[in-house]
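Peer 1: My questions all concern the structure below.
Number of protein chains: 4
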Amino acid sequence: MSLNKVQLIGNVGKDPEVRYLDNHVAVATFPLATTEKGYTLANGTQVPERTEWHNIVLWRGLAEVAEKYVHKGDKLYIEGKIRSRSYDDQNGIKRYVVEIFGDNMEMLSSRPAQAGTTPPAQPVQTPQASPQPNSAADDLPF
Amino acid sequence: MSLNKVQLIGNVGKDPEVRYLDNHVAVATFPLATTEKGYTLANGTQVPERTEWHNIVLWRGLAEVAEKYVHKGDKLYIEGKIRSRSYDDQNGIKRYVVEIFGDNMEMLSSRPAQAGTTPPAQPVQTPQASPQPNSAADDLPF
Amino acid sequence: MSLNKVQLIGNVGKDPEVRYLDNHVAVATFPLATTEKGYTLANGTQVPERTEWHNIVLWRGLAEVAEKYVHKGDKLYIEGKIRSRSYDDQNGIKRYVVEIFGDNMEMLSSRPAQAGTTPPAQPVQTPQASPQPNSAADDLPF
Amino acid sequence: MSLNKVQLIGNVGKDPEVRYLDNHVAVATFPLATTEKGYTLANGTQVPERTEWHNIVLWRGLAEVAEKYVHKGDKLYIEGKIRSRSYDDQNGIKRYVVEIFGDNMEMLSSRPAQAGTTPPAQPVQTPQASPQPNSAADDLPF
DNA sequence: TTTT
DNA sequence: TTTT
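Protein chains in written order, with our numbering: chain P, 6 to 147; chain S, 6 to 147; chain X, 6 to 147; chain W, 6 to 147.
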């Protein structure tokens, strides 16, 4: 009875950081920028261009694809869901992050493949159940 | 060159708060919950149900519709985009909020209308012109 | 490098027809109606309400869920992709049908469960690769 | 109470055909191909690549943008709705066509602009007003 | 053939 | 803070 879906087309802000959990599950994270063009209102007000940064998190096969094929500057389509998570920062202050857990990705920049790699079958998609790490979505300051 | 789209079906956590800006523009805010059902992994691990809370922000006509027709507990479809915003909290600490700016809403609970109101034309959407030429969708051979 | 995604919220026109292929794979088909409300243009022209009928096709687990829980009149969310298919009608004339192959479904009507059934875990979603029956999408008269 | 949404990323099959109605409204039509990669099933069956052709129809401003900037071979994101239409063919046989009425388009190929034209503001969308309050999306702690 |  |  619920839907939580995000679709983004944007540019990768940094090369993905990939780590492997104890169970050898890969997790990739990287920022993705979407940009709205600026425009002028009827009354002459200039609304400037605006860039939104999204924290992308990929798991398993998608993370491995990202490790091999995704680079800073690439244009990507990402489909997934919104997840909130809290953590305590270095000053013991509780912080909230919103992340996009991607379950489908399309590479929209066509780059020459790196030596020793083969191009990914697309669409690359996570098989069914995605892992659910410790996270919290309560107490949002809203 | 960019897409920032969110689609949610969930339940309204609180009656909308509606305020009017100096230019008489209405802004409505309310929390919306999406819930993923829990499940059991192949290895027997129980993944519990998980609720995500989304900060919905509606403008103008959509805000006015929300003021009249949206109530705590209602099931809604919301389409919009992700927007981040920062503010300084009461301790001068910079905080970030992620909000969903809705530009399309569908009311999925059919409630009896309140006395003195009329049901909204649906879909309620930020105004758009879309011409409707002669066309037919009947008698499909299916 | 490609995306083909459809999202529908509408009403089921008929109880699903479910058949089982030789390999015991279930396939369910039913029509789903989406309706745009009519409205009046600035120049006074009345644009009438318009109903679009979609041919929904579900496979495997989703088809089995549809067989048990989906009924005429129900409101559904369906996510999937567009597929065209051709066939020769009884007069040997080549006909084209467009179908929506659903891979995600949400039941938006909450009906009392039928005796002897248990509610489906939701969201019900097809696990990865969906079967690709004989179909053709070429030579469209466009 | 209804949603009819399609999202496509694909390649333009032919340069758009643009015509102008009596009221000077522009209408552009062109085919767009989405392609699913082939794959091999667990039992060894080869599922071949499959291309789906979509009949895109754009109106007004979007049609004018397509006339200027969209060409055969371009990669596009198109968002819109499914519309069915019937007509009688040259043999008096009733035919049905399914079209995608686009209301949002993103050009994903970056081509050098043609002489005498300026690049389109993007996203190009059927006009909408959406207020932009003070907000910040930088310095996210990620 | 649905629904509001 | 919702809902099943």
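Glycine included, each C-beta is placed from N, C-alpha and C at the ideal position. Since this is a predicted model, take the numbers as computed values, not measurements.
Short of 8 Å in beta carbon distance, which residues of its chain neighbour Arg100/S, apart from the five on each side in sequence? Order them along the chain.
Peer 2: So the qualifying residues of the chain are Ser91, Tyr92, Asp93, Asp94.
Peer 1: Quick one: Cα of Thr50/S to Cα of Lys10/P, how far?
Peer 2: Taking the straight line joining both Cα atoms gives about 25 Å.
Peer 1: Of all Cβ atoms in chain P, is any one closer than 9 Å to the Cβ of Ser91/X?
Peer 2: So, not an interface residue.
Peer 1: Between the Cα of Gly85/P and those of Asn48/P, Asp27/P, Asn60/P, spot the shortest distance and give me the residue it belongs to.
Peer 2: Per the Cα distances, Asn60/P.
Peer 1: Can you find the residues in the same chain that come closer than 6 Å, C-beta to C-beta, to Glu57/X, ignoring five residues on each side of it along the sequence?
Peer 2: Correct list, in chain order: Thr39.
Peer 1: Helix, strand or coil: how does DSSP classify Val11/S here?
Peer 2: Three-state result, Val11/S: strand.
Peer 1: If you reduce the DSSP assignment to three classes, tell me which class Glu111/S lands in.
Peer 2: Strand at Glu111/S.
Peer 1: DSSP on Lys73/P, reduced to helix/strand/coil?
Peer 2: Lys73/P falls in the helix class under three-state DSSP.
Peer 1: Using the Cα positions of Pro21/S and Phe35/S, report the straight-line distance between them to the nearest angstrom.
Peer 2: The alpha-carbon atoms of Pro21/S and Phe35/S are separated by roughly 5 Å.
Peer 1: Assign Asn16/W to buried or exposed, taking buried as 16 or more other Cβ atoms, counted over all protein chains shown, within 10 Å of its Cβ.
Peer 2: Buried is the call here.
Peer 1: What's the gap between the Cα of Glu32/W and the Cα of Arg65/S?
Peer 2: Checking the sequence shown, residue 32/W turns out to be Val, not Glu. Spanning the two alpha carbons is a distance of roughly 30 Å.
Peer 1: Let me see if you follow: with CB-CB separation under 9 Å, is Gln12/W close to chain P or not?
Peer 2: It does: the Cβ of Gln12/W has a partner Cβ on chain P nearer than 9 Å.
Peer 1: State the beta-bridge partners of Leu37/W as determined by DSSP.
Peer 2: Per DSSP, Val17/W, His59/W.
Peer 1: Give the residues of chain X in contact with Tyr82/S, contact being defined as C-beta atoms less than 7 Å apart.
Peer 2: Chain X residues near Tyr82/S: Ile14.
Peer 1: According to DSSP, Thr50/W sits in a beta bridge with which residue or residues?
Peer 2: Note: Thr50/W sits in no beta bridge, so no partner.
Peer 1: Looking at chain X, is there any beta carbon in it that lies within less than 9 Å of the beta carbon of Glu69/P?
Peer 2: Judged by the 9 Å Cβ criterion, Glu69/P is not in contact with chain X.
Peer 1: Per DSSP, what kind of secondary structure is Leu81/P in: helix, strand or coil?
Peer 2: In this structure, Leu81/P counts as strand in the three-state DSSP scheme.
Peer 1: Could one say the Cβ of Ser7/X lies closer than 9 Å to chain S's Cβ atoms, at least one of them?
Peer 2: Output row for Ser7/X: interface = no.
Peer 1: Which chain W residues are close to Leu113/P, counting only those with a beta carbon under 8 Å from its beta carbon?
Peer 2: Those are Ile14, Lys80, Leu113, listed as they occur along chain W.
Peer 1: Counting only the same chain and skipping the five closest in sequence on each side, list residues whose C-beta sits under 7 Å from that of Pro125/W.
Peer 2: Model confidence at Pro125/W stands at a pLDDT of 45, short of 50, so the residue's coordinates are unreliable; what they give is reported in the following sentence. These residues qualify, in order along the chain: Val70, Tyr74.
Peer 1: Excluding the 5 residues flanking Ala68/W on each side, which residues of the same chain have their C-beta closer than 7 Å to its C-beta?
Peer 2: So the qualifying residues of the chain are Val23, Ala31, Val32, Ala33.
Peer 1: Give me the chain S residues within the contact set of Thr45/P, using Cβ-Cβ distance strictly less than 9 Å, ordered along the chain.
Peer 2: In chain order: nothing, as chain S lies at least about 17 Å away.
Peer 1: Excluding the 5 residues flanking Ile87/S on each side, which residues of the same chain have their C-beta closer than 7 Å to its C-beta?
Peer 2: Asn9, Val11, Val103, Ile105, listed in sequence order.
Peer 1: Can you tell me where the beta strand (DSSP E) holding Val23/P begins and where it ends?
Peer 2: Its beta strand (DSSP E) spans residues 22-25.
Peer 1: For a cutoff of 9 Å on Cβ pairs, would you count Gly121/P as touching chain W?
Peer 2: In this prediction, Gly121/P scores a pLDDT of 42, lower than 50, which makes its location untrustworthy; no coordinate-derived value is stated.
Peer 1: I'd like to know if Ile24/X contacts chain W, where contact means its C-beta is closer than 9 Å to some C-beta of that chain.
Peer 2: The question names Ile, yet the displayed sequence has Arg at residue 24/X. No, Arg24/X does not count as interfacial toward chain W.
Peer 1: Can you find a C-beta in chain X that's less than 9 Å from the C-beta of Lys86/W?
Peer 2: Output row for Lys86/W: interface = yes.
Peer 1: Would you kindly work out how many angstroms separate the C-alpha atoms of Leu26/S and Thr45/P, rounded to a whole number?
Peer 2: Roughly 20 Å separates the two Cα atoms.
Peer 1: On the criterion of 16 or more Cβ atoms from any shown chain inside 10 Å, does Glu111/X qualify as buried, or is it exposed?
Peer 2: So Glu111/X counts as buried.
Peer 1: Nearest-angstrom Cα distance between Leu37/X and Gly18/X?
Peer 2: Each residue's alpha carbon lies about 6 Å from the other.
Peer 1: Considering only the beta carbon of each residue, do Tyr82/W and Ile14/P sit closer than 9 Å?
Peer 2: In contact: Tyr82/W and Ile14/P (Cβ atoms closer than 9 Å).
Peer 1: Determine the chain P residues that contact Glu57/S at a beta-carbon separation under 7 Å, and present them in chain order.
Peer 2: What Glu57/S touches in chain P: Asn9, Ile87, Arg88, Ser89, Ala142.
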